[in-house]
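Undergrad: This is the structure, below, for whatever I ask next.
2 protein chains.
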Amino acid sequence: MTPRPALTVVGATGGAGAVMLQILTQHADVWGEVRLVASARSAGRKLLVRGAECEVLALGEEALEGADVVVFLVPAEVAARWAPVAAAKGAVVVDSSAAFRMDPDVPLVVPELNPHAVRMRPRGIVASPHATTLAMSVAVGALHAEFCLSELVVSTYQAASGEGQPGVEALRRQVSLVAGTQLGTNPGDVRRAVGDELGPFPAPLALNVVPWTGELADDGWSSQELGIRDELRKVLGLPRLPVSATCVRVPVVTTHSASVHARFENEVEVARAHEILATAPGVVLFDNPAVGEFPTPADVVGTDPTWVGRVRRSPDDPRVLELFVCGDNLRKGTALNAAHIAELAAREFNGR
Amino acid sequence: MTPRPALTVVGATGGAGAVMLQILTQHADVWGEVRLVASARSAGRKLLVRGAECEVLALGEEALEGADVVVFLVPAEVAARWAPVAAAKGAVVVDSSAAFRMDPDVPLVVPELNPHAVRMRPRGIVASPHATTLAMSVAVGALHAEFCLSELVVSTYQAASGEGQPGVEALRRQVSLVAGTQLGTNPGDVRRAVGDELGPFPAPLALNVVPWTGELADDGWSSQELGIRDELRKVLGLPRLPVSATCVRVPVVTTHSASVHARFENEVEVARAHEILATAPGVVLFDNPAVGEFPTPADVVGTDPTWVGRVRRSPDDPRVLELFVCGDNLRKGTALNAAHIAELAAREFNGR
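This is how it looks when you write it as structure tokens:
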């Protein structure tokens, strides 16, 4: 019997890391040795994975030795430094950060859409898209296969955990500061109550929405808005697809949502779109507003698929569909997609 | 000296009514007698307007006698019943509800865009658009005058007070129920905590977003989504403008926001769009993300204008602008626009 491949998870102690440990326990038969790695600060902690305690190692050359696959669930600057080190040691690297997504020698993979791309990795690195891209890509990709996309306009409703644990903690502190008050009807009252508890956000998030995520890019765009455009083009294999994104942070703990306006080359029918979405891998169709069925983050959080509802055809253009999608940004949005990619890579080791 | 015209406000005790009393106090020189009217339940209450106490009268034939202008700040079914009664008594009626907005014999007026339409009122009734339409119409109208609109795609971020005081109270109760907890990361935990405190919303609103506002209309659209399309077309005088709207409720007390994707006949320049928006009446341009300047509801609430930021040109189409707009749905969105229309009508009485 072939030994099962060895997996190393870098960033095991963060929010996405916690979800990865759950996934590894659920998919316990895929991997042989599992090694957990985090920053030196977390080294020595013991975490439960596949029913057994596992000691966390400090990120460094030694911790990256000997793995067949290394998954990075860390910020881009950490991945940029260490992913090439792991690749040089012979591992297949799966990176969930922005560090390599637009590198032409790094495939960007959503296993439901372009699983074959995992094998085309001249740098030994495979990237996973941003959680916001992932929330919509599976649904949009399934519709594209039938109707041929010609344009996307996207507005997001992004959760606090997109800024990691500091984002979640800041939102929770802010919600406590505004709870039980009459705030939210006078200029600046929420801002005064929140004070310097902004956390990683550029404005109060409790009782507010903030039309800014990511860094400042060119011409007033944010890095995440341009990232959605670049990543959807790369994942869908449509390098000239027009994509306009507006990224907005909302006071939700976890699960990103997006309002998607999709124009296709061909005329669309809602009934056919429903059939496609109902059978698309990784998608749950939840679309019957007459009985209150549409996806919301509170119902979707903690689940694996992308949920799709509010499917409508434009009364002005029979080639346009509107959708509302929700996806847990820590599960499919980060850890689960990385795990799926790692499992595709693991298959290569089965014939060893 | 001509006596100043007499004004009656129906719905004086609601959220928009409270804002109207502030506006009447600020614009104290416009009106002669001011009469306040509400449901029989609120009759006899005394409210402060222009520095004096004023007793609230019960809505009925008698309360509607003698006014030159009657403003209705009440639900559509109440306006549908009583606005024609007031008009039959000779008053100019200004209605803020949906009851008459799409009546071809009722002008739909945003004073910054189509003030002349106030005089063309065969039924004696002038309608004010929905707060969500108002939040964007002034900015979009100013840009249309220069560049000629050819398409709009809109996603909203609508506040709880769009469902009146019951909406505000439900959101506040829900925020108290989730404050200080670890809710928002497990399936259904927010829904369980909120329990039967949904108020007027079809799903929990605290720590959530809900892609549904209004009633079920045809083909999966909501009445508010089709209403934005119909109202923008009517206000802008563009009866065939393609408009796709997705309406989403967010956990904000007051101030609606919208992400607007606007395509024009002509090429646009951000610098010129900035000039237009900076000088458009009723608009504040707040657009410098490099120093954290973009509008958010927490900063806009309680102010009169529509705030506009995140102005970007599409890298894929030089005729497309993206905007993010915020407007207080109780001020410009309801009471202030109705007051502006009423003041336009009041000028007609100055020559009496």
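The listed protein sequences derive, respectively, from chains A and B. Going by my numbering, the first residue of the first sequence is number 1, and it counts up by one from there. Going by my numbering, the first residue of the second sequence is number 1001, and it counts up by one from there. Virtual Cβ for every residue (Gly too), placed ideally from N, Cα, C.
Under 8 Å, Cβ to Cβ, is there at least one residue of chain A near threonine 1027(B)?
TA: The residue given as residue 1027(B) occupies position 27 in the second sequence. It is worth fixing the name first, because residue 1027(B) is histidine in this sequence and not threonine. So no, histidine 1027(B) is outside the interface.
Undergrad: Taking only the alpha-carbon atoms, compute the straight-line gap between valine 110(A) and alanine 142(A) and give it to the nearest angstrom.
TA: Stepping through the first sequence from its first residue, residue 110(A) is reached at position 110. Stepping through the first sequence from its first residue, residue 142(A) is reached at position 142. Roughly 12 Å separates the two Cα atoms.
Undergrad: By the three-class DSSP mapping on this structure, what secondary structure does phenylalanine 286(A) have?
TA: Along the first sequence, read from residue 1 onward, the residue named residue 286(A) stands at position 286. Of the three classes helix, strand and coil, the one that applies to phenylalanine 286(A) here is coil, per DSSP.
Undergrad: Measure from the alpha carbon of threonine 1185(B) to the alpha carbon of each residue in Pro211(A), Val308(A), Asp299(A), Asp230(A), then state which is nearest.
TA: Residue mapping note: residue 1185(B) aligns to position 185 of the second sequence, counting from 1. Cα-wise, what sits closest to threonine 1185(B) is Asp299(A).
Undergrad: Inspect the beta-carbon positions of valine 1093(B) and glycine 1124(B) and report whether they are closer than 8 Å.
TA: Counting from 1 along the second sequence, the entry for residue 1093(B) is found at position 93. Counting from 1 along the second sequence, the entry for residue 1124(B) is found at position 124. Closer than 8 Å, so yes.
Undergrad: Phenylalanine 1324(B) touches chain A at which residues, Cβ-Cβ below 8 Å?
TA: Looking up residue 1324(B) in the second sequence gives position 324. Going along chain A in sequence order, the residues near phenylalanine 1324(B) (Cβ under 8 Å) are Pro211, Thr246, Val248.
Undergrad: Using the Cβ count rule (16 or more neighbours within 10 Å means buried), how would you classify valine 1291(B)?
TA: Locating residue 1291(B) in the second sequence gives position 291, counting from the first residue. Classification of valine 1291(B): exposed, given that the 10 Å Cβ count is below 16.
Undergrad: Whose CA, out of Pro200(A), Phe201(A), Ala179(A), Pro202(A), lies closest to the CA of alanine 193(A)?
TA: Against the first sequence, residue 193(A) aligns to sequence position 193. Out of Pro200(A), Phe201(A), Ala179(A), Pro202(A), Ala179(A) has the C-alpha closest to the C-alpha of alanine 193(A).
Undergrad: Taking the C-alpha atoms as reference points, what is the distance between cysteine 353(A) and leucine 344(A)?
TA: Missing from the structure shown is residue 353(A); chain A here goes from 1 to 352 and no further.
Undergrad: So valine 243(A) is in the beta strand (DSSP E); what residue range does that whole segment cover?
TA: Taking the first sequence and counting its residues from 1, the one referred to as residue 243(A) is at position 243. Residues 243-246.
Undergrad: Answer with buried or exposed for glycine 227(A), where buried requires no fewer than 16 other C-beta atoms within 10 angstroms of its C-beta.
TA: The residue labelled residue 227(A) in the question sits at position 227 within the first sequence. Per the 10 Å Cβ criterion, buried.
Undergrad: Do methionine 136(A) and valine 301(A) count as a contact pair if the criterion is CB distance below 8 Å?
TA: Position 301 of the first sequence, counted from the first residue, corresponds to residue 301(A). Position 136 of the first sequence, counted from the first residue, corresponds to residue 136(A). The answer is no: Cβ separation not under 8 Å.
Undergrad: Please state the DSSP three-state secondary structure of histidine 1116(B).
TA: Within the second sequence, the letter at position 116 stands for residue 1116(B). Here histidine 1116(B) sits in helix by DSSP.
Undergrad: For aspartate 1095(B), tell me which candidate among Ser1314(B), Thr1008(B), Ala1058(B) has the shortest Cα-Cα distance.
TA: On the second sequence, position 95 is the one that residue 1095(B) refers to. Minimum Cα distance to aspartate 1095(B) is reached at Thr1008(B).
Undergrad: Any beta carbon of chain B sitting closer than 8 Å to that of serine 259(A)?
TA: Position 259 of the first sequence, counted from the start, is the residue given in the question as residue 259(A). At least one chain B Cβ lies under 8 Å of serine 259(A).
Undergrad: Name the two residues that bound the continuous beta strand (DSSP E) containing leucine 1036(B).
TA: The residue you call residue 1036(B) lines up with position 36 of the second sequence. Residues 1034-1038.
Undergrad: Going by alpha carbons, who is nearest to valine 308(A) out of Gly333(A), Gly282(A), Arg319(A), Pro166(A)?
TA: Position 308 of the first sequence, counted from the first residue, corresponds to residue 308(A). With distances taken between Cα atoms, valine 308(A) lies closest to Gly282(A).
Undergrad: Ignore the nearest five residues each way along the sequence and tell me which others in valine 74(A)'s own chain have a CB closer than 7 Å to its CB.
TA: Taking the first sequence and counting its residues from 1, the one referred to as residue 74(A) is at position 74. Val10, Gly11, Ser97, listed in sequence order.
Undergrad: Quick one: what's got a C-beta closer than 6 Å to arginine 331(A)'s C-beta in the same chain, skipping five residues either side?
TA: As a first step, residue 331(A) is located in the first sequence; it is residue number 331 there, counting from the start. Correct list, in chain order: Val19, Asp304.
Undergrad: On a Cα-Cα basis, can you pick out the residue from Tyr157(A), Val34(A), Ala38(A), Ala63(A) that is closest to glycine 51(A)?
TA: Translated into positions along the first sequence, residue 51(A) becomes position 51. Glycine 51(A) has its Cα closest to that of Val34(A), out of Tyr157(A), Val34(A), Ala38(A), Ala63(A).
Undergrad: Restricting to runs no shorter than 3 residues, where is the beta strand (DSSP E) found entirely within the segment 1291-1338 of chain B?
TA: Taking only runs of at least 3 residues, the beta strand (DSSP E) segments lying wholly in the segment 1291-1338 of chain B are 1306-1313, 1320-1327.
Undergrad: Which residues of chain B have a Cβ atom closer than 7 Å to the Cβ of threonine 133(A), listed in chain order?
TA: For the purposes of this step, residue 133(A) is identified with residue 133 of the first sequence, where counting begins at 1. What threonine 133(A) touches in chain B: nothing, since even the nearest Cβ is about 17 Å away.
Undergrad: Give the straight-line distance between the Cα atoms of leucine 1321(B) and aspartate 287(A), rounded to the nearest whole angstrom.
TA: Within the second sequence, residue 1321(B) is the residue found at index 321, counting from 1. Within the first sequence, residue 287(A) is the residue found at index 287, counting from 1. About 31 Å.
Undergrad: Can you name the residues of chain A whose CB is closer than 8 Å to the CB of valine 1299(B)?
TA: Within the second sequence, residue 1299(B) is the residue found at index 299, counting from 1. It is worth fixing the name first, because residue 1299(B) is aspartate in this sequence and not valine. The answer, in chain order, is Pro187, Gly188, Arg191, Ala203.
Undergrad: Could you check whether the Cβ of serine 39(A) sits closer than 8 Å to any Cβ belonging to chain B?
TA: As a position in the first sequence, residue 39(A) is number 39, starting the count at 1. With 8 Å as the cut-off, serine 39(A) does not count as an interface residue toward chain B.
Undergrad: What did DSSP end up calling arginine 1050(B) once you bin it into helix, strand or coil?
TA: In the second sequence, counting from the first residue as 1, residue 1050(B) sits at position 50. Of the three classes helix, strand and coil, the one that applies to arginine 1050(B) here is coil, per DSSP.
Undergrad: Pull up the distance between the alpha-carbon of alanine 99(A) and that of valine 126(A), whole angstroms please.
TA: Mapped onto the first sequence, residue 99(A) falls at position 99. Mapped onto the first sequence, residue 126(A) falls at position 126. Whole-angstrom Cα-Cα distance: 11 Å.
Undergrad: By the criterion of Cβ-Cβ separation under 7 Å, what are the contact partners of tryptophan 1221(B) in chain A?
TA: In the second sequence, counting from the first residue as 1, residue 1221(B) sits at position 221. Correct list: Arg312.
Undergrad: Answer with buried or exposed for proline 251(A), where buried requires no fewer than 16 other C-beta atoms within 10 angstroms of its C-beta.
TA: Stepping through the first sequence from its first residue, residue 251(A) is reached at position 251. Buried, by the Cβ-count rule.
Undergrad: Is there a C-beta anywhere in chain B that falls below 8 Å from the one on threonine 279(A)?
TA: Counting from 1 along the first sequence, the entry for residue 279(A) is found at position 279. Cβ-Cβ to chain B under 8 Å: no for threonine 279(A).
Undergrad: At the level of alpha carbons, what is the spacing between arginine 1004(B) and valine 1030(B)?
TA: Residue 1004(B) sits at position 4 when you count from the first residue of the second sequence. Residue 1030(B) sits at position 30 when you count from the first residue of the second sequence. Roughly 7 Å separates the two Cα atoms.
Undergrad: Where does aspartate 1219(B) fall in DSSP's three states?
TA: Stepping through the second sequence from its first residue, residue 1219(B) is reached at position 219. Of the three classes helix, strand and coil, the one that applies to aspartate 1219(B) here is helix, per DSSP.
Undergrad: Count the other CB atoms, across all protein chains shown, that sit within 10 Å of the CB of alanine 67(A); report buried if there are 16 or more and exposed otherwise.
TA: Your numbering for residue 67(A) matches position 67 in the first sequence. Buried: at least 16 other Cβ atoms inside 10 Å.
Undergrad: So, is arginine 249(A) buried or exposed, given that buried needs 16 or more other C-beta atoms within 10 angstroms?
TA: Looking up residue 249(A) in the first sequence gives position 249. Counting Cβ neighbours within 10 Å, arginine 249(A) comes out buried, since at least 16 surround it.
Undergrad: Between the segment 1167-1182 of chain B and chain A, which residues of the former have CB atoms less than 7 Å from a CB of the latter, in chain order?
TA: Answer in chain order: Val1175, Ser1176, Val1178, Ala1179, Gly1180.
Undergrad: When you compare the CB of aspartate 1316(B) with every CB in chain A, is at least one pair closer than 8 Å?
TA: Reading the second sequence from its first residue, position 316 is the one you call residue 1316(B). Cβ-Cβ to chain A under 8 Å: yes for aspartate 1316(B).
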